[in-house]
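Numbering (our numbering), first residue to last: 13 to 128.
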């Protein structure tokens with residue numbers, strides 16, 4: 013059974029490097045796997061992952077323990093997911109967008125010019 017993509021959003025004031033490592037560990041501990049991630053300067057990150065429907069409650073608890081606060085829409089969406097025992101064929105693709113709140117300047121990267 014393939015369900016829609018679950019898109020979650022949250023914010024945190026914690027260190028982005030530690031949060032990203034902890035999120036990866038939380039997804040793995042919940043029985044999921046990370047398929048991709050995108051970093052947007054030091055402002056935000058998106059993690060794409062797959063997880064069984066019955067494991068999202070475990071993941072959301074771990075996300076809260078990490079210090080990422082999910083928005084109301086994400087919390088409401090999580091409540092609609094089935095709370096059944098996980099089966100491999102019931103895997104759901106999901107993403108978690110995390111916005112990092114801090115006073116640091118934008119992270120700048122020098123991009124070398126391409127000859128030609």
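C-beta atoms are modelled at their ideal positions from N, C-alpha and C, and glycine is treated no differently.
CB contact flag (residue i, residue j, <9 Å)
i           : j          : result
residue 43  : residue 21 : no
residue 112 : residue 76 : no
residue 79  : residue 26 : yes
residue 35  : residue 68 : no
Spatial neighbours of residue i in its chain, beta-carbon cut-off 8 Å, leaving aside the 5 residues before and after
i           : result
residue 107 : 17, 18, 19, 20, 58, 59, 60, 61
residue 71  : 38, 39, 42, 44, 63
Burial state of residue i, where buried means 16 or more other Cβ atoms lie within 10 Å
i           : result
residue 38  : buried
residue 110 : buried
residue 119 : exposed
residue 31  : buried
Which listed residue (the options) has its alpha carbon closest to that of residue i
i           : options         : result
residue 94  : 51, 46, 66      : 66
residue 117 : 88, 86, 54, 30  : 54
residue 121 : 52, 88, 127, 85 : 52
Cβ-based neighbour list, residue i, same chain, cut-off 6 Å, excluding 5 preceding and 5 following
i          : result
residue 83 : 21
residue 13 : At residue 13, the pLDDT of 48 sits below 50, so the modelled position is not reliable; the number obtained from the coordinates is stated separately. Closer than 6 Å at Cβ, skipping near neighbours: 102.
residue 90 : 68, 72
residue 49 : 59
is_contact[residue i, chain D] using C-beta, thresh 9 Å
i          : result
residue 68 : The structure shown contains no chain D; it holds only a single protein chain.
For residue j and residue i, believed in contact at Cβ under 8 Å, the rounded distance
i          : j           : result
residue 41 : residue 74  : 7 Å
residue 81 : residue 123 : Contact doesn't hold; Cβ gap of about 33 Å is too wide.
7 Å CB neighbourhood of residue i in its chain, flanking five on each side removed
i          : result
residue 47 : 60, 61, 62
residue 86 : 20, 21, 22
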